[in-house]
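**Q** First, the structure itself, so that you have it in front of you.
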Amino acid sequence: MTHGLRTRRRFAGRPQAARLLLAPLLLAAPCAAWAQDASPPPSVPDGTMSDVDTQLDAMPDIGLDWPDMGQADTVVPLPADPADVQTAAPDMPATIVTPDAEPEEAVAAFAEIGEERRYTVALDGIDAISDAQFKLRFDELSVLRQGESKAANLAQINRRIKEDSDLLDRLLRAKGYYAARIRGAVSAPPAGSDRLAVRFAITPGTQYLLASVDVAGLAETASREPTLRAAFPPKVGDPVDADKILEGRDALATALSESGYPFAKVDEPEVRIDHEERQGDLDLIVTPGGYRTFGAIRLSNAELFSARHVQNIARFDPGDPYMASDVEDLRRAIVATGLVSSVTLKPTDAGDGEHVDLAIDVRPAPLRTIAGELGYGTGEGYRAEVSWQHRNFFPPEGAVTVRGVVGTQEQTASFTYRRNNFRRRDNVLTGLLSVSNIRREAFDARTITLSGALERTTNILFQKDWVWRVGAELIASDEADAFSGGSRRTFLIGAVPLSLTYDGSDDLLNPTKGFRLGGRISPELSFQNETFGYAKVQLDGSLYQPVGEKLVVAARARFGSILGSTVEQIAPSRRFYAGGGASVRGYGYQAIGPRFGEDDNPVGGKSLAEFSLEARVRFGNFGVVPFIDAGNISTSFLPRFRDLRIGTGLGLRYYSNFGPIRVDVGTPINPQSGDPKIAVYVSLGQAF
Numbered sequence: 087m088t089h090g091l092r093t094r095r096r097f098a099g100r101p102q103a104a105r106l107l108l109a110p111l112l113l114a115a116p117c118a119a120w121a122q123d124a125s126p127p128p129s130v131p132d133g134t135m136s137d138v139d140t141q142l143d144a145m146p147d148i149g150l151d152w153p154d155m156g157q158a159d160t161v162v163p164l165p166a167d168p169a170d171v172q173t174a175a176p177d178m179p180a181t182i183v184t185p186d187a188e189p190e191e192a193v194a195a196f197a198e199i200g201e202e203r204r205y206t207v208a209l210d211g212i213d214a215i216s217d218a219q220f221k222l223r224f225d226e227l228s229v230l231r232q233g234e235s236k237a238a239n240l241a242q243i244n245r246r247i248k249e250d251s252d253l254l255d256r257l258l259r260a261k262g263y264y265a266a267r268i269r270g271a272v273s274a275p276p277a278g279s280d281r282l283a284v285r286f287a288i289t290p291g292t293q294y295l296l297a298s299v300d301v302a303g304l305a306e307t308a309s310r311e312p313t314l315r316a317a318f319p320p321k322v323g324d325p326v327d328a329d330k331i332l333e334g335r336d337a338l339a340t341a342l343s344e345s346g347y348p349f350a351k352v353d354e355p356e357v358r359i360d361h362e363e364r365q366g367d368l369d370l371i372v373t374p375g376g377y378r379t380f381g382a383i384r385l386s387n388a389e390l391f392s393a394r395h396v397q398n399i400a401r402f403d404p405g406d407p408y409m410a411s412d413v414e415d416l417r418r419a420i421v422a423t424g425l426v427s428s429v430t431l432k433p434t435d436a437g438d439g440e441h442v443d444l445a446i447d448v449r450p451a452p453l454r455t456i457a458g459e460l461g462y463g464t465g466e467g468y469r470a471e472v473s474w475q476h477r478n479f480f481p482p483e484g485a486v487t488v489r490g491v492v493g494t495q496e497q498t499a500s501f502t503y504r505r506n507n508f509r510r511r512d513n514v515l516t517g518l519l520s521v522s523n524i525r526r527e528a529f530d531a532r533t534i535t536l537s538g539a540l541e542r543t544t545n546i547l548f549q550k551d552w553v554w555r556v557g558a559e560l561i562a563s564d565e566a567d568a569f570s571g572g573s574r575r576t577f578l579i580g581a582v583p584l585s586l587t588y589d590g591s592d593d594l595l596n597p598t599k600g601f602r603l604g605g606r607i608s609p610e611l612s613f614q615n616e617t618f619g620y621a622k623v624q625l626d627g628s629l630y631q632p633v634g635e636k637l638v639v640a641a642r643a644r645f646g647s648i649l650g651s652t653v654e655q656i657a658p659s660r661r662f663y664a665g666g667g668a669s670v671r672g673y674g675y676q677a678i679g680p681r682f683g684e685d686d687n688p689v690g691g692k693s694l695a696e697f698s699l700e701a702r703v704r705f706g707n708f709g710v711v712p713f714i715d716a717g718n719i720s721t722s723f724l725p726r727f728r729d730l731r732i733g734t735g736l737g738l739r740y741y742s743n744f745g746p747i748r749v750d751v752g753t754p755i756n757p758q759s760g761d762p763k764i765a766v767y768v769s770l771g772q773a774f
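So the sequence shown is numbered by this note's numbering: it starts at 87 and just counts up by one.
In structure tokens, the structure reads:
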């Protein structure tokens, strides 16, 4: 069966009509055609009547049906009746004038008939159509356009003119111009050019309008009928525009599926064209299929998770009105678990006339991952990392990760438990046990950490406006820094880190507009010879402003402060530091700020201020990013701005399917002694 918009012609005289399936047209929507005409029928000998339901040949490179847009209209012969012939209205199909003799004579003076020449193509008269898609579709489907860059002989060009004249006829009818006149011709090159000139003179004529719009079947939706009827925009007086009609049909189907009708059917629109009145009658039949609310979730495979867990992550409850968008949202949420390779959700009638169940079929994905990494970082040295993960070790969605790091400045072993969608959608419960030995220029720490957190997360599939985190940490750390003169101090620390972030940007990894604002506070209690407390506070903000199509200006600011205690009392690993690829580029990792001791080592501080400004210029899949960063660390609880360290440089971006890959090269403007002249940073995603 061919789907799409149907048109039917009306015959003057006896009330007989011919049904035709015409050639395809729109790429976006398949169309079938019914025709009705106002012209008198031709005389056909007995036994030779044409098959009026024969589908015409498809236009090349189109592949989809379109209403009443084929070759010359086929008309069913009517019985011989002089009265009918006398009262019949003239036929009103688009008139196509094939290339006349003038081009062959004129062009022959410039090129032999068999000689191949290049040509140009121009359309005259389409400005009256006022439709942006018209020329775009012609350029995409035109055989003349497809061969415009190659030479062709006159016979080939004339054949292409005929094919494109038919294409223009279809495109014009798609916009309601059923009485258009099209004249295509080829002529000798204009002065100063060696290319033949192909030109189409188009007279669109009158645009046919809708005389009536009948949407049948919506009465079954009772009180929802006005809302659903408003979802179908075409109305009396609108042009017979196939795009708008088919868009309206799709909008109505969507509205039904969003209003509790999972089994609704919307037939293809049918338009009856009256050439005599230059108008059309639009009919659309709807079968709502009964109002339903959500029932039970039925899972074909409970190996990964139960139907109860799926219901927990759904954004609807049993008894809520059926909405197709809720079903699609649940499908994406199941994919986001990372536990399935494929998932299908199918509404099924519960059999009680009130509910619709969801039949869910899932196919498990590989659950185990072994990963390794080798690398080198300024200030971090050489490092090798290996990890093993099972994403459903404790069903449902209880992941376990064992990780180890061996490097010149870091050795770490950790065990992480992470349960996604804990009790409700997007909540994540995490637990961490780690043992580490870290040697930096700023400090040397041997640490055991036990922590847990409950958080609401964001990801590339479901970017959220608000995210938060509530955690608890117990830390035992043996540390040394420049303040201690190399002697080690043991700290026992308890912390309750809290954070809240608003993300008003348009993309998680590559934001181009909007802003982000986040805050973090961590009340901490520390014991080292004596017990003392303090609070660590940090604010982050970033802004993204597009300037034209290829440039985004991005800015970032960060402020931090530790309230209470002195910088010497606070464990070195809990202080603020600045410098590096995620901080101030051009400087070494944690290298900015006060320095102390014979080796002039950084010691961190109680306050932090950072600023960044970027101009992100993109061309295709690549981009360049000039940037300037500034920052400082202070031992007072308020940041100081007079001693800002400034770095500048240039970054390269490759925009992959999963996010931009960045390579930044920075240099310090006002370095301290020992700072490198150039620093290179490689990462996934923008710097901020």
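The beta-carbon is built from N, C-alpha and C at its ideal position, and this holds for glycine as well.
Note that the structure is predicted; figures quoted are calculated from it, not measured.
1. Mind checking which residues open and close the alpha helix (DSSP H) that includes Leu770?
2. If you reduce the DSSP assignment to three classes, tell me which class Ser309 lands in.
3. Along the chain, where does the alpha helix (DSSP H) that runs through Glu249 open and close?
4. Under 8 angstroms, with one C-beta from each stretch per pair, do the stretch 396 to 414 and the stretch 322 to 338 reach the 3-pair mark?
5. Rounded to the nearest angstrom, what separates Gly794 and Arg203 at their Cα positions?
6. Put Gly760 into one of helix, strand or coil per three-state DSSP.
7. From which residue to which residue does the alpha helix (DSSP H) around Ala393 run?
8. Leaving out five residues before and five after Ala422 in sequence, what residues of the same chain have Cβ atoms less than 6 angstroms from its Cβ?
9. What distance in whole Å lies between the Cβ atoms of Ala765 and Tyr663, which are believed to be in contact at a cut-off of 8 angstroms?
10. Can you give me the C-alpha to C-alpha distance between Arg511 and Arg256, rounded to a whole angstrom?
11. May I ask you to report which of helix, strand or coil DSSP gives Val582?
12. Roughly how many whole angstroms lie between the Cα atoms of Arg358 and Tyr264?
13. Out of Tyr377, Glu496, Leu368, Phe727, state which residue places its alpha-carbon closest to the alpha-carbon of Glu311.
14. Cβ of Leu770 less than 8 angstroms from any chain D Cβ?
15. If distances are taken between C-alpha atoms only, which option among Asn507, Asn523, Arg477, Pro481 comes closest to Ile490?
16. Should Glu483 go down as buried or exposed, given a rule of 16 or more other Cβ atoms within 10 Å for buried?
17. Just how far apart, CA to CA, sit Ser612 and Arg401?
18. Would you mind working out which of Pro374, Pro452, Gly323 sits nearest Glu363, comparing C-alpha positions?
19. Along the chain, which unbroken stretches of the alpha helix (DSSP H) at least 4 residues long are found entirely within the stretch 342 to 408?
20. Tell me the rounded alpha-carbon separation between Val161 and Asp250.
21. Would Ala568 and Ile534 qualify as a contact pair, given that the criterion is a beta-carbon distance under 8 angstroms?
22. Tell me whether the beta-carbon of Val553 lies closer than 8 angstroms to the beta-carbon of Leu584.
23. Taking the CB atoms as reference points, tell me whether Val488 and Phe501 lie closer together than 8 angstroms.
24. Verify whether the separation of the beta carbon atoms of Ala641 and Ser591 is less than 8 angstroms.
25. Taking 8 angstroms as the cut-off, decide whether the C-beta atoms of Leu314 and Ala341 are in contact.
26. Who are the near neighbours of Arg223 in its chain, counting only those whose CB is closer than 7 angstroms to its CB and skipping five residues on each side?
27. Compare the beta carbon distance of Pro712 and Leu738 with 8 angstroms and say whether it is the shorter of the two.
28. Using 8 angstroms as the threshold, is the stretch 400 to 417 in touch with the stretch 344 to 353, meaning 3 or more CB pairs across them?
29. Using the DSSP secondary-structure output, state which residues sit across from Leu450 in a beta bridge.
30. Since Gly650 and Gly605 should fall inside the 8 angstroms C-beta cutoff, what is the C-beta to C-beta distance between them, to a whole number of angstroms?
31. Grab the span of the alpha helix (DSSP H) containing Lys221 for me, first residue to last.
32. Rounded to the nearest angstrom, how far is the Cβ of Ala451 from that of Ser427, given a contact under 8 angstroms?
33. Could you check how far apart the C-beta atoms of Ser693 and Ser669 are, in whole angstroms? I think they sit under 8 angstroms.
34. State yes or no: is the C-beta of Arg671 within less than 8 angstroms of the C-beta of Asp750?
35. Among all the DSSP beta bridges, which residues are the ones paired with Ala640?
36. Expressed to the nearest angstrom, what Euclidean distance is found between the alpha-carbon atoms of Glu565 and Phe391?
**A** Straight from the coordinates:
1. Not the alpha helix (DSSP H): Leu770 falls in the beta strand (DSSP E), residues 765 to 770.
2. helix
3. 240 to 260
4. Cβ pair count under 8 angstroms is below three, so no.
5. Past the boundaries of the shown model lies residue 794; the chain is included only from 87 to 774, so the question cannot be answered.
6. In this structure, Gly760 counts as coil in the three-state DSSP scheme.
7. 393 to 399
8. Leu547
9. Not a contact, Cβ separation roughly 15 angstroms.
10. 50 angstroms
11. coil
12. 12 angstroms
13. Tyr377
14. In the structure shown, chain D cannot be found, because there is only a single protein chain.
15. Checking the sequence shown, residue 490 turns out to be Gly, not Ile. For Gly490, the nearest C-alpha among the options comes from Asn523.
16. buried
17. One Cα belongs to Ser612, the other to Arg401, and the distance between them is close to 43 angstroms.
18. Gly323
19. 393 to 399
20. At Val161 the pLDDT is 28, less than 50, meaning the model places this residue with poor confidence; the figure from the coordinates comes in the next sentence. Rounded to the nearest angstrom, the two C-alpha atoms are 24 angstroms apart.
21. no
22. It is not a contact, given that the beta carbons lie outside the stated cut-off.
23. yes
24. In this structure, Ala641 lies away from Ser591, with their beta-carbon atoms at least 8 angstroms apart.
25. yes
26. Leu257
27. no
28. Contact annotation: the stretch 400 to 417 touches the stretch 344 to 353, with at least three C-beta pairs closer than 8 angstroms.
29. Note that residue 450 corresponds to Pro in the displayed sequence, not to Leu. According to DSSP, Pro450 bridges with Val426.
30. Not a contact, Cβ separation roughly 18 angstroms.
31. 218 to 227
32. 4 angstroms
33. So it is not a contact: roughly 14 angstroms between Cβ atoms.
34. yes
35. Tyr630, Glu700
36. 44 angstroms
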